[in-house]
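Student: The structure that follows is given in the form of structure tokens.
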Amino acid sequence: MLTHLSIMIVALLASILTFFSGFGLGTILMPTMAIFFPVAIAIVLTGIVHFLNGSFKVFLMRKNIHFPTLWRFGLLAIPSAFLGAWMLTRLEEQTRVLEFAFLGKEFSTTPIKLTVGLLMIVFALIEGIPRLKNISIDQKYLPLGGILSGFFGGLTGNQGAFRSMFLIRTKLTKEQFIATGSAFSFFVDLTRLSVYFSNISKMGIEDNLSVLILASSAALVGVLIGNRLLKKVDMKLIRYLVASTILVLGVLITLGVI
126 MLTHLSIMIV
136 ALLASILTFF
146 SGFGLGTILM
156 PTMAIFFPVA
166 IAIVLTGIVH
176 FLNGSFKVFL
186 MRKNIHFPTL
196 WRFGLLAIPS
206 AFLGAWMLTR
216 LEEQTRVLEF
226 AFLGKEFSTT
236 PIKLTVGLLM
246 IVFALIEGIP
256 RLKNISIDQK
266 YLPLGGILSG
276 FFGGLTGNQG
286 AFRSMFLIRT
296 KLTKEQFIAT
306 GSAFSFFVDL
316 TRLSVYFSNI
326 SKMGIEDNLS
336 VLILASSAAL
346 VGVLIGNRLL
356 KKVDMKLIRY
366 LVASTILVLG
376 VLITLGVI
């Protein structure tokens with residue numbers, strides 16, 4: 126019961142934040158899932174919730190999608206997302222790379238935990254440090270942005286930070302930025318889930334349908350709330366709070382504590 130309630134609350138709040146910030150649902154929900162499930166299962170469960178959330182957001186804001194930008198940015202994202210998702214299935218099969226004891230307890234880190242944790246730390250720094258958060262890339266490098274975002278989206282589900290770094294220079298309106306980023310995320314999620322589902326029996330998704338349904342429902346409610354609050358919320362404090370949380374959880378996952 127505590128597991129379900131905790132994940133529902135996190136999914137709801139993270140979905141609201143994600144609506145206007147362009148990041149948060151995957152980076153917050155995944156480590157929360159990882160507290161209760163193995164990391165690989167947490168990534169797949171989060172990917173499904175993220176996909177449903179993004180699909181609903183695209184439906185609500187479909188008229189604001191800037192298709193030329195989506196095409197340039199997303200063309201190469203699909204094969205790179207396939208590669209990232211494939212690497213996830215391979216990493217989980219590898220052995221532990223770090224084992225240590227602390228206060229009488231034993232902890233261990235697998236390659237996938239190490240990869241996910243370090244990437245989360247990087248994303249947290251990008252979101253939390255003003256100079257890094259405002260990094261922008263020339264529009265001619267949009268395809269490269271798509272490759273990076275697709276790969277990290279396939280590997281960990283965390284793609285928002287890299288996506289924002291590249292899309293910020295496209296001079297899109299706020300609505301276009303949200304809608305276009307959501308559409309890109311939709312295709313990356315669709316790609317990586319197709320790879321994850323080939324391992325569905327191994328990932329154990331069928332044993333966690335109740336959690337998946339509740340988390341997805343909470344995330345969809347978050348989209349509706351975010352849509353209503355779009356013009357009223359100051360994101361500065363929220364970004365720092367989210368970045369701090371991601372940083373702490375990233376360190377804990379890297380060390381194998383969770």
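Numbering-wise, the working numbering puts 233 at position 108 of the sequence shown, and it's gapless, one number per residue.
Note that beta-carbon positions come from the ideal geometry of N, C-alpha and C, so glycine has one too.
Would you say the segment 296-307 touches the segment 329-342, given that touching needs at least three Cβ pairs under 8 Å?
Tutor: With the cut-off at 8 Å, the segment 296-307 and the segment 329-342 do not touch.
Student: Can we count residue 350 as close to the ligand SAM, meaning its CB is less than 7 Å from some heavy atom?
Tutor: The ligand SAM is not among the ligands present in this structure, which contains no ligands whatsoever.
Student: To the nearest whole angstrom, what separates the beta carbons of residue 223 and residue 381, a pair I think is in contact under 8 Å?
Tutor: If you number the sequence shown from 1, residue 223 lands on position 98. If you number the sequence shown from 1, residue 381 lands on position 256. Contact flag correct, Cβ pair sits at about 7 Å.
Student: Measuring straight from C-alpha to C-alpha, what distance separates residue 174 and residue 356?
Tutor: The sequence position of residue 174 within the sequence shown is 49, counting from 1. The sequence position of residue 356 within the sequence shown is 231, counting from 1. C-alpha separation (whole angstroms): 25 Å.
Student: Looking only at its chain, what residues have a beta carbon closer than 6 Å to the beta carbon of residue 197, apart from the 5 residues adjacent to it on each side?
Tutor: Taking the sequence shown and counting its residues from 1, the one referred to as residue 197 is at position 72. The residues are 267.
Student: Find the nearest neighbour of residue 348 within the set 144, 176, 150, judged by alpha-carbon distance.
Tutor: By one-based count along the sequence shown, residue 348 stands at place 223. Nearest C-alpha to residue 348: 144.
Student: Bridge partners of residue 224, per DSSP?
Tutor: Numbered from its first residue, the sequence shown carries residue 224 at position 99. DSSP lists 233 as partners of residue 224.
Student: In or out: residue 353 buried (at least 16 other Cβ within 10 Å) or exposed?
Tutor: Numbered from 1 along the sequence shown, position 228 holds the residue referred to as residue 353. Exposed, since its Cβ has fewer than 16 Cβ neighbours within 10 Å.
Student: Does DSSP put residue 186 in a helix, in a strand, or in coil?
Tutor: The sequence position of residue 186 within the sequence shown is 61, counting from 1. Of the three classes helix, strand and coil, the one that applies to residue 186 here is coil, per DSSP.
Student: Three-state secondary structure (DSSP) at residue 297?
Tutor: Taking the sequence shown and counting its residues from 1, the one referred to as residue 297 is at position 172. Three-state result, residue 297: coil.
Student: Among the residues of its own chain, which have a CB less than 8 Å from the CB of residue 238, if the five just before and after it don't count?
Tutor: Locating residue 238 in the sequence shown gives position 113, counting from the first residue. The residues are 164, 378, 379, 381.
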